[in-house]
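Last residue of the sequence shown: number 1518 in this note's numbering, and the count goes up by one each step with no gaps.
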Amino acid sequence: MTETILQKLLELEQNENIKILYACESGSRAWGFASPDSDFDVRFIYARPVNDYLGITELTDNVGLPVNEVLDIGGWDIKKALKLFLKSNSTLYEWLQSPIVYQGDSAFADDLRKLMPEYFSLRSGANHYLSMAHNTLRDDLQTEQVKLKRYFYALRPALACLWIVEKQSVPPMEFQHG
1341 MTETILQKLL
1351 ELEQNENIKI
1361 LYACESGSRA
1371 WGFASPDSDF
1381 DVRFIYARPV
1391 NDYLGITELT
1401 DNVGLPVNEV
1411 LDIGGWDIKK
1421 ALKLFLKSNS
1431 TLYEWLQSPI
1441 VYQGDSAFAD
1451 DLRKLMPEYF
1461 SLRSGANHYL
1471 SMAHNTLRDD
1481 LQTEQVKLKR
1491 YFYALRPALA
1501 CLWIVEKQSV
1511 PPMEFQHG
């Protein structure tokens, strides 16, 4: 599947005239609890040619491919990603910690990882994960039959929130490291 993902990323680069700076797996595969029916959630950060940023035309700040049963591929423009980084966006912080990296400049990702402790907001992170846990409990665990995986989707953000409260730091992405 890695070859298919790399091919799709290359096609996106060519079709959208972008350069993918970092591409990783997000979701259950990266969290360490994929099931046999798990799809591949590929996320990336990209840049456009410099001249695209110098014009007055608004550019889209995200690109991706239509979602199917196997692949979900989408990414953010570097400007959007950096703005969200400064706002302590937990989703982006997770991407940067993914154990599955498909392509990219390791120095770019390493530099951002080094800055994470400086920009991580304990309040923002705790609110993000608390909201995720609450929404999963409300939306996914109120039916008669619940897939085991859905319990992990509630437990993981609850543990991330606990990590933030106890360790006062960015929670790890992988479930077993928490």
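Note that CB positions come from ideal geometry on N, CA and C, so glycine has one too.
Integer-rounded CB distance, given that residue j should sit under 8 Å from residue i
i, j, result
"residue 1379", "residue 1366", "The pair is not a contact, with the Cβ atoms about 11 Å apart (cut-off 8 Å)."
"residue 1460", "residue 1373", "With 8 Å as the limit, residue 1460 and residue 1373 do not qualify as a contact, their Cβ atoms being about 24 Å apart."
"residue 1420", "residue 1401", "4 Å"
Short Cβ contact (8 Å threshold) for residue i with residue j
i, j, result
"residue 1350", "residue 1442", "no"
"residue 1513", "residue 1398", "no"
"residue 1510", "residue 1439", "no"
"residue 1405", "residue 1413", "yes"
"residue 1407", "residue 1356", "no"
"residue 1358", "residue 1388", "yes"
"residue 1455", "residue 1504", "no"
"residue 1487", "residue 1368", "no"
DSSP bridge partner residues for residue i (one or two, in chain order)
i, result
"residue 1443", "1363"
Of the residues the options, the one placed nearest residue i, counting alpha carbons only
i, options, result
"residue 1386", "1344, 1490, 1449, 1501", "1449"
"residue 1428", "1414, 1356, 1453", "1453"
"residue 1451", "1425, 1414, 1401, 1473", "1425"
"residue 1499", "1469, 1482, 1488, 1477", "1469"
"residue 1506", "1465, 1430, 1370", "1465"
**OP:** Run through the region 1376-1433 for me and flag every whole alpha helix (DSSP H) of 4 or more residues, listed as ranges in chain order.
**Re:** 1390-1394, 1418-1426
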